[in-house]
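Our numbering puts the first residue of the sequence shown at 2, with every later residue one more than the last. The structure under discussion appears below in the form of structure tokens.
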Amino acid sequence: MAMNLPSQRGRGRRAPMADINVTPLVDVMLVLLIIFMVTAPLLTAGVPIQLPDSRAKPLDQDKKPTQISLDAQGKIFLDKEEIAESDLPSRLEGIAAQGTPDQPPQVFLRADRALDYGRVMRVMGELNRAGLNRVSLVTVGDEGTK
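Here it is, written out as structure tokens:
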């Protein structure tokens, strides 16, 4: 009754190691975590604005809308580019010309909460004069009050 048992003596080979070394995996995950922590704040909007709170639901979008921002000093930004107030009507007419009659361009208006209401209304009047009637006022969602 002889049994064939594995022995280490005469063979010179080692048994394969069945353990997984997780140290490189942890190192890679920590590096990726640091990369995401550093780049996440850079992905926010380019113009710092204190938006007002609102309980409105977000809109569904199929195209990237044009963003018009007004900061606390009243400077006007078209997307991330600062423009003069005198250039605003011609730039808005150019945006309105890009749309079709059945699908006008969508515009997001972001205004700082400390800004005068009349200043925001002047910009909205220029939007209306240019024919841009699909204007959404951007706010910060207030999740605390439901």
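Every residue, glycine too, gets a C-beta built ideally from N, C-alpha and C. This structure is a prediction, so every number in the text was calculated from the model and none was measured.
With residue i as the anchor, note down where its alpha helix (DSSP H) starts and where it stops.
i, result
"Arg1", "This structure cannot settle anything about residue 1, because the visible part of the chain is limited to 2 through 147."
In the DSSP assignment, find the beta strand (DSSP E) that holds residue i and state where it starts and stops.
i, result
"Leu43", "Neither: Leu43 is in no beta strand (DSSP E) and is coded neither H nor E."
"Gln68", "Thr67 to Leu71"
"Val108", "Val108 to Ala112"
"Arg79", "Inspection of the sequence shows that residue 79 is occupied by Leu rather than by Arg. Its beta strand (DSSP E) spans residues Ile77 to Leu79."
Helix, strand or coil for residue i per DSSP?
i, result
"Ala85", "coil"
"Val23", "coil"
"Asp54", "strand"
"Pro105", "coil"
"Val139", "coil"
"Gln99", "helix"
"Met38", "helix"
"Pro90", "helix"
"Leu133", "coil"
Out of the options, which one is the CA nearest neighbour of residue i?
i, options, result
"Val97", "Glu127, Leu34 and Pro17", "With the sequence shown as reference, residue 97 is identified as Ala, and Val is not the correct amino acid for it. When only C-alpha atoms are compared, the closest one is Glu127."
"Asp54", "Ile84, Phe109, Asn129 and Asp113", "Asp113"
"Met125", "Ile21, Lys58 and Gln68", "Gln68"
"Gly95", "Lys76, Leu133 and Lys81", "Leu133"
"Asp72", "Glu82, Arg135, Pro66 and Arg130", "Glu82"
Buried or exposed for residue i, going by 16 or more other Cβ atoms inside 10 Å?
i, result
"Asp117", "exposed"
"Leu31", "exposed"
"Leu34", "exposed"
"Lys147", "Model confidence at Lys147 stands at a pLDDT of 45, short of 50, so the residue's coordinates are unreliable; what they give is reported in the following sentence. By the neighbour-count rule (16 or more Cβ atoms within 10 Å), Lys147 is not buried but exposed."
"Val39", "exposed"
"Leu43", "exposed"
"Leu110", "buried"
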